[in-house]
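What follows is a short report on a single structure.
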Amino acid sequence: MTAKEGQVKALLKSSSEAADVIREHVEAGGLVRVESHLDADGLAAAGIMGVALNRLGARFVIRIERWLDEQVVKGLSTGRQDLTIFTDMGSGYLDILSDGLSGKDVLILDHHQPVGELPESFIQVNPHMFGIDGSRDLSGAGVAYLVAKSLDERNVDLSYLGVVGALGDLQDKNEGRSLGGVNTTIVKDATEAGLLEVEQDLLLFGRETRPIHKALAYTTSPFIPGISGEEDKSLALLSTLGIKTKDGDRWRALRDLSKDEKRRLFSGIAEYAASKGLRSEVAISLIGAVYTLKREEPWTPLRDAREFAMLLNATGRMGKNGLGVAICMGDRGRCLQEANRVLEEYRLTITKYLNWLAENPDRIEELNNIYVVHGGTSIDEKVISTISTMILPNLPNPEKPLIAYSLIPEEDYIKVSARASYPAIEKGVNLGEILHSASERFSGEGGGHDVAAGAYIPAREAESFIKYVDDLVGRQLSKGEKRIGDGS
Ligand code: C5P
Ligand code: C5P
Ligand code: ZN
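Using this note's numbering, you'd call the opening residue of the sequence shown number 5 and step up by one each time.
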């Protein structure tokens, strides 16, 4: 057995122990409470647990949280549940959890970097415990899926949600934008179950049925200013490139284009992106592995697993997370219709803020080691996370992480979202560590992954916090460079 296989085996063993705990509580008639995070990965994880618990005949409730803090833990400490299951959250806040919940039965199914000591009555399943990279190789939904599969083989039909969660967390960072690591086994489960097909193509949302100009406008990862969110301009680009948009009365979709037309379309977009000053990697990231969910209707946003993740993010960020959970638990009726409307609203909101930033470039400041997006009261704190994810690849220096923040109305706190590209990670940057220690210093809460982290900080500390983060990034970068210089 290779070292990697050993790590995966240990992870699966830990998943099966967690499954035993769930089974015991359900058999004893206990009430289970699932606490999950409001982004796509968290909602997918909650959906997986919901279906798995349903199948067991469990009594359970699901709650979605924007983040973990003392307030949430206080609510849990007085709750009636016999078992609390955290999905896609928990590992980064073991201290807060143990203060409020030690002695209680708690399962943490997470992929964030663990911080603090695990109390005795807690069981944690987390890839980091076994040397597996949780920021890239397994998502929160992925961990939940491994536990669900261990509970009941039938739960293999939830594997597609593991794929959606991983794509929602942008874990498609392997060759050709594919998922790697433990995610590969989940992709395999979903493919073998006839739920998923993986092909190489242009990564446009709705490539099977959506008119090409709409597919271009709907594609926001990568975000190409002047194309993303812009149907009219996308239509104009197609016409410049001599790509027919209609066959008679019928709009053509990406799948109707010949190889040569696709090639022309890609070069056209790449040239356009370069003319806007974007790095060549941005356009290149438009080609790669498409994850198609074969059981979903081709004209819905659920058909493409990346767009599915976007829809879930939309429900979470726009305050409609119940819709996201319902969809992950199988609702394809009223909830999906409603979620479609929320998705449209979310797209418009994101485009509005990105355009606002393009018109107000002074809101993006370059410090010694980081970029700062001063969202202030102008960008809604609920979407600052999405905005930071989207603009990071478009910033000129890929070695400088980005810290974006917005004021949370009526709370005197700021919501911080930090993102780093892989060149920064390779040089030693770990945003989860930095945001955790900077938050402790400035009376906030923070943490996350090396590539993506967040924090909640008193507004009066915003300036000092950012300055401190800039210093910490500088320290990590210089240490990392030394490591590379040492040849170790
Ligand atoms: O809490 P959770 O792990 O699910 O959230 C990770 C967040 O970080 C997601 O919102 C995802 O979009 C973001 N992310 C990112 N860039 C990466 C990895 C994750 O923006 N390379
Ligand atoms: O909120 P945002 O998407 O920027 O969060 C990025 C990552 O940092 C997510 O994985 C999230 O769970 C984590 N995070 C955290 N503590 C916070 C805010 C975010 O661990 N207070
Ligand atoms: Zn996650």
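Just so it is clear, CB atoms sit at the ideal spot from N, CA and C, and this is done for glycine as well.
- Residue state for V55 is assigned as helix, using DSSP reduced to three classes.
- When C-alpha distances from L239 are compared across G10, G272 and V129, the shortest belongs to G272.
- Only residues of its own chain outside the window of five on either side were considered, and among them G172, A313, L316 and N317 have a CB closer than 6 angstroms to the CB of A44, listed in chain order.
- Excluding its 5 nearest sequence neighbours in each direction, A274 has C-beta neighbours in its own chain below 6 angstroms: A287, listed in chain order.
- A straight-line Cα-Cα distance of about 17 angstroms links P302 and C332.
- Linking L297 to Y460 through their CA atoms gives a straight-line distance of about 36 angstroms.
- Taking 8 angstroms as the cut-off, the beta carbon of S81 is found closer than this to the beta carbon of L105.
- Just measuring C-alpha positions, the residue of I374, L35, P462 and V376 sitting nearest P413 is P462.
- Nearest to D260 by alpha-carbon distance, out of L206, V420 and P131, is L206.
- Distances taken from the Cβ of D73 to the heavy atoms of ligand 3 include none shorter than 7 angstroms.
- The C-beta of A56 has 16 or more other C-beta atoms within 10 Å across all chains shown, which makes the residue buried.
- Judged by DSSP in its simplified three-state form, D264 adopts helix.
- Within 7 angstroms of the C-beta of M93 there is at least one heavy atom belonging to ligand 2.
- Here the stretch 408-425 makes contact with the stretch 451-460; the two share three or more CB pairs at distances below 8 angstroms.
- Less than 8 angstroms divides the Cβ of G166 from the Cβ of A145.
- One alpha carbon belongs to V129, the other to N178, and they sit about 24 angstroms apart.
- When the Cα atoms are used, V160 and R84 turn out to be separated by approximately 31 angstroms.
- For G172, the shortest C-beta to heavy atom distance toward ligand 1 is below 7 angstroms.
- Collapsing the DSSP output to three states places S410 in a strand.
- Residue range A456 to P462 is occupied by the beta strand (DSSP E) that includes P462, with no alpha helix (DSSP H) assigned at that position.
- Beta-bridge partners of I89 (DSSP): V38 and L111.
- Judged by pairs of C-beta atoms under 8 angstroms, the stretch 221-231 does not touch the stretch 317-330, as fewer than three such pairs exist.
- Rounded to whole angstroms, the separation of the alpha carbons of V25 and S19 is 10 angstroms.
- Taking the Cβ of V455 as the reference point, at least one heavy atom of ligand 1 falls within a distance shorter than 7 angstroms.
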